[in-house]
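The next block holds one structure in the form of structure tokens; read it before the comments.
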Amino acid sequence: MSHQEFENYLALLTRLLKVAPSQRQQLAEEFRAHLEDRLDELLAGGMPREKAVHKAIGEFGDAAVLAAELAQIAQRRRRRFLMKMSYAGVAALALAGLLVFALWPDGRQVQGPAAAVAQGGGQEQDEPPPAPPPSQVDPFRVPGASKSPDKASQAHAKIQAALDQEAEFDFVDTPLKDFVDFIEAKYNIPVILCKHTLEDAAISLDTPVNSSLRGISLRSALRITLGQMKMTFVIWDEVLQITTPEDAETRMVTRVYDCRELLALPSPPGSSRPRGIAGGGGFFAVQDEPATKGPATAGGAAPAGGTPPATGGTEPGATPGNVGGGGFGGVAPGGDKPQERELSDAENLIRLITTTVHPDTWDEVGGPGTVAEYKGLVVVSQTWEVHEKVERLLNMLHTAADVKTQRVKVVE
Amino acid sequence: MPDKFQRELLRGSLDLMVLSVLAGGKKYGYLIQKQLRETSDQRVDLQAGTLYPILHKLEDDKLIKSSWDEETGRKRKWYELTAAGRRRLSAQAAEWLDYAECIRRLLAVEWKSA
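Residue numbers (the working numbering), protein chains in the order written: chain C, 521 to 932; chain X, 201 to 314.
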């Protein structure tokens, strides 16, 4: 019964609508029924078909105006949701801040941005002579995007950026595969379903997706929506892949977190802990490092890992994930003779991470995850889920300590 | 046949009209439009482009709810009043009747003496 002109009109109208495909389809269906009802009535009154079709469309109203009005309603809905969320958000942030202050190992003293800059500068000046210029020594000095990292990193950064966007989920019984098409089109990122894995887990590609979420990040919206259906996502091979949590756990990802600003925070006055002499804290140790030993630091920095933590932590090449030892023990002054020592800043930070985020997944307790530190860059090999929480924790620390950059820089 | 009401005059009362039509039971957009037209002697003739945003807004406000049904041979979205919609209708209808009465009295005095 449907007439091609109706379809053209509806196609135009729905193209103008900035809503989820599922919602778009529902609007089209609702309007199609209306147009057909009107057409039936006009035909019954004896009007020729072509004329009746035009009249029905003419009466329906201007597609652009209608689309604009419907968009306004959607916007109002979003605003209302955001209002609700913002109250909850302020309370949550305040709570998170308090929590981080309470957990912060070096006490509550923080430093302002100026001091952090001074520390950074000092490090550059004290770089040992045989080492190449800072820009080459440290590829992470500048955030990834501006240093033209490799293609995979760029692709991952793009997906991460998309995941930070605000979600607009309004799915009612949308088949899983259509849901994926929507995410792909709307956020302009490659998304695939790990078909075999999902099929093995008895999850059909037609599983209906029901989700109405707005005002939160795409990341959270996906976690919630997929989580309800016993699924999750990973960023893998430059693609956002939807799979089972079990499969996601087998995928280890290595990322580098730039924690130099966090590690440059001063200890509270009166702290008895000696800094930078025990060999663990890469950041401070490097400043006093004898020139000839500079290049050797790389030995301990490799994120590969595998051997159990060394107890002394002073041997060159101590393994990553070595909370007790610190990756760079060997290069620090006094590194070649064992001595009584307290944990360095970096070790404290690593300990904070491994005890706060999924404590049972780190290699020191037999889990698959590793963490090591190199000059304030913390290399973590973990699953996506853990990475997200590590990043969140570090961001919270940045916020709580009021360091210059509000978010930790990440390279993956 | 008297002229259609001016848009400005209708603007503040369209929601109320739609709620009122739905008080008689579940209806889909086309029926709502038709009933408004017929009950008003063609003087309230809402374009679909005006009616549907109203319906969607009322649904967002949870004053009406919708469901899909194909029983009439065509897949249609049916709307009906919620309890909140019913309350809103009673309150708004009473207010409008008051208002209309007030206008009537005002006009009876001022306009006739003009």
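Glycine included, every Cβ here is placed at the ideal spot set by N, Cα and C. All of these numbers come straight from a predicted model, not from anything done at the bench.
- For the region 210-232 of chain X, the beta-carbon criterion of a distance under 9 angstroms to any beta-carbon of chain C is satisfied by 228, 229, 230, 231.
- In the displayed model, residue 735/C falls within a strand according to three-state DSSP.
- By the neighbour-count criterion, in which 16 or more other beta carbons inside 10 Å mark a residue as buried, residue 233/X falls on the buried side.
- Distance from the CA atom of residue 700/C to the CA atom of residue 210/X, rounded to whole angstroms, is 44 angstroms.
- Between residue 284/X and chain C, the shortest Cβ-Cβ separation is not below 9 angstroms.
- The beta carbon of residue 906/C is closer than 7 angstroms to those of 877, 878, 881, 889 in its chain, skipping five residues each way along the sequence.
- Burial check for residue 868/C: the Cβ neighbour count within 10 Å reaches 16 or more, so the residue is buried.
- Judged by pairs of C-beta atoms under 8 angstroms, the region 677-687 of chain C touches the region 734-753 of chain C, as three or more such pairs exist.
- Within the DSSP bridge table, the entry for residue 778/C names 897/C, 929/C as partners.
- With contact defined as three or more Cβ pairs closer than 8 angstroms, the region 274-283 of chain X and the region 215-226 of chain X are in contact.
- Per DSSP, the unbroken beta strand (DSSP E) holding residue 695/C starts and ends at 686-695.
- Contact check for residue 215/X and residue 254/X: beta-carbon distance about 6 angstroms, within the 8 angstroms limit, so the pair qualifies.
- If you look at residue 213/X, you'll find it isn't in any alpha helix (DSSP H); DSSP assigns it neither H nor E.
- Taking residue 909/C as the centre and dropping the five residues before and after it, the same chain places the C-beta of 877 closer than 6 angstroms to its C-beta, in chain order.
- Beta-bridge annotation (DSSP): residue 601/C is not paired with any residue.
- Taking C-beta atoms under 8 angstroms as the contact rule, residue 550/C and residue 277/X qualify, at a distance of about 4 angstroms.
- Around the beta carbon of residue 597/C, 16 or more other beta carbons sit within 10 angstroms, so the residue counts as buried.
- Taking CB atoms only, residue 585/C has a neighbour in chain X less than 9 angstroms away.
- Every alpha helix (DSSP H) of 4 residues or more that sits fully in the region 711-760 of chain C is shown, in chain order, as 715-720, 738-748.
- If you ignore the 5 residues before and after residue 779/C, its C-beta comes within less than 8 angstroms of the C-beta of 866, 869, 893, 896, 897, 898, 914, 928, all in its own chain and listed in chain order.
- Bridge partners of residue 233/X according to DSSP: none are assigned.
- Interface residue (Cβ-Cβ distance to chain X less than 9 angstroms): residue 554/C is classified as such.
- In chain X, no part has a C-beta under 8 angstroms from the C-beta of residue 536/C; the shortest such distance is about 12 angstroms.
- Contacts with chain X at 9 angstroms (Cβ-Cβ) include residue 551/C.
- Interface annotation, residue 247/X: in contact with chain C, CB-CB separation under 9 angstroms.
- Using a Cβ-Cβ cut-off of 9 angstroms, residue 761/C does not count as an interface residue toward chain X, since no Cβ of chain X sits closer than that to its own.
- If you compare the alpha carbons of 675/C, 568/C, 578/C, 557/C with that of residue 272/X, the shortest gap goes to 557/C.
- Residue 709/C carries a coil assignment under DSSP once its states are collapsed to helix, strand and coil.
- Residue 274/X has a beta carbon lying within less than 9 angstroms of a beta carbon in chain C.
- Contacts between residue 590/C and chain X, judged by CB atoms closer than 8 angstroms, involve 252, 253, 256 in chain order.
- Taking 9 angstroms as the threshold, the shortest C-beta distance from residue 277/X to chain C falls below it.
- Residue environment: residue 864/C is assigned as buried (16 or more neighbouring CB atoms within 10 Å of its CB, all protein chains considered).
- The distance from the Cβ of residue 773/C to that of residue 904/C is about 6 angstroms, consistent with a contact at the 8 angstroms cut-off.
- Among the CB atoms of chain X, one or more fall inside 9 angstroms of the CB of residue 597/C.
- Going by C-alpha positions, residue 749/C is about 9 angstroms away from residue 728/C.
- Residue range 524-536 is occupied by the alpha helix (DSSP H) that includes residue 533/C.
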